[in-house]
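**Q**
In the numbering used here, the protein residues as written are 2 to 164.
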C-alpha cells in the first residue's frame with residue numbers, strides 16, 4: 002500500500018467510527034430485488050470492525066474511553082449531544098498514538114496528525130468543515146518529510162517543495 006492509498010484509508014476508518022445515528026442501529030438498507038430490509042446493529046458492526054465508536058445514546062454528552070484487551074487505551078475523546086467534540090485521540094495496541102484530530106459537533110475541524118506504529122508522524126494537516134485545507138505534510142516511516150501538498154476544500158491545489 003503506497004502513501005497516497007494509506008492517506009485516504011486511515012481517515013475513512015476513523016471517520017467510519019464516528020456515526021451519529023441512533024443508539025442501536027448503524028444502517029438500514031432495502032434490497033430492491035428481494036424487497037426486504039436489513040439492518041446492522043452497533044454491536045454487529047463492532048464485531049466486524051473494532052474501531053467503531055458510538056456514544057452510549059444519541060444525545061450523550063461526556064467523556065469516552067475505549068481500551069484494547071491488553072488494557073491500553075484505544076480511543077479517548079468527548080461526545081457532545083452524541084457527536085464527537087474537541088480533541089480525539091486514537092492509539093495502537095502497543096500504546097503509541099495513532100492519531101490526534103479535533104472535532105466541532107461531529108465535524109473534523111482543526112489540526113490532524115496521524116502516526117506510524119513506531120510513533121513517528123505519518124502526515125499532518127488541517128481540516129476546515131470536514132475538508133482538508135492548507136498545507137499537509139507527509140513523512141516516511143523514519144519521520145523524514147517526503148512531500149507537502151496544499152489543499153483547498155479537500156482538493157489538491159499544488160505540491161510544495163519539501164524542506
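Here a beta-carbon is modelled for each residue, glycine too, at the ideal position from N, C-alpha and C. Quantities reported herein were computed from a predicted structural model and do not represent experimental measurements.
Tell me whether residue 121 sits in a helix, a strand or coil according to DSSP, three-state version.
**A** If DSSP states are grouped into helix, strand and coil, residue 121 belongs with coil.
**Q** Taking the C-alpha atoms as reference points, what is the distance between residue 94 and residue 69?
**A** So the alpha carbons of these two residues sit roughly 6 Å apart.
**Q** What ranges does the beta strand (DSSP E) occupy inside the stretch 82-149, keeping only unbroken runs of at least 3 residues that lie completely in it?
**A** Complete beta strand (DSSP E) runs here, min 3: 87-92, 98-105, 108-116, 122-129 and 132-140.
**Q** Cβ atoms of residue 108 and residue 131: under 8 Å apart, would you say?
**A** Against a cut-off of 8 Å, the Cβ pair of residue 108 and residue 131 comes out as a contact.
**Q** By DSSP's criteria, residue 63 is part of a beta bridge. Which residues make up the other side?
**A** Answer by DSSP bridge pairing, in chain order: 80.
**Q** Tell me the DSSP bridge mates of residue 156?
**A** Residue 156 is bridged to 153.
**Q** Relative to the C-alpha of residue 76, which residue among 59, 90, 57 and 127 is closest?
**A** Selected option, being the one with the closest Cα: 90.
**Q** Give the straight-line distance between the Cα atoms of residue 82 and residue 71, rounded to the nearest whole angstrom.
**A** Between residue 82 and residue 71, the C-alpha separation is close to 30 Å.
**Q** Rounded to the nearest angstrom, what separates residue 156 and residue 113 at their Cα positions?
**A** Taking the straight line joining both Cα atoms gives about 17 Å.
**Q** Relative to the C-alpha of residue 152, which candidate in 145, 146 and 160 has its C-alpha closest?
**A** Considering only alpha carbons, the answer is 160.
**Q** In angstroms, rounded to a whole number, what distance separates the CA positions of residue 74 and residue 158?
**A** Approximately 37 Å between the Cα atoms of the pair.
**Q** Expressed to the nearest angstrom, what Euclidean distance is found between the alpha-carbon atoms of residue 59 and residue 80?
**A** Their backbone Cα atoms lie some 10 Å apart in a straight line.
**Q** Which partner residues does residue 75 have in the DSSP bridge list?
**A** DSSP output for residue 75 lists no bridge partner at all.
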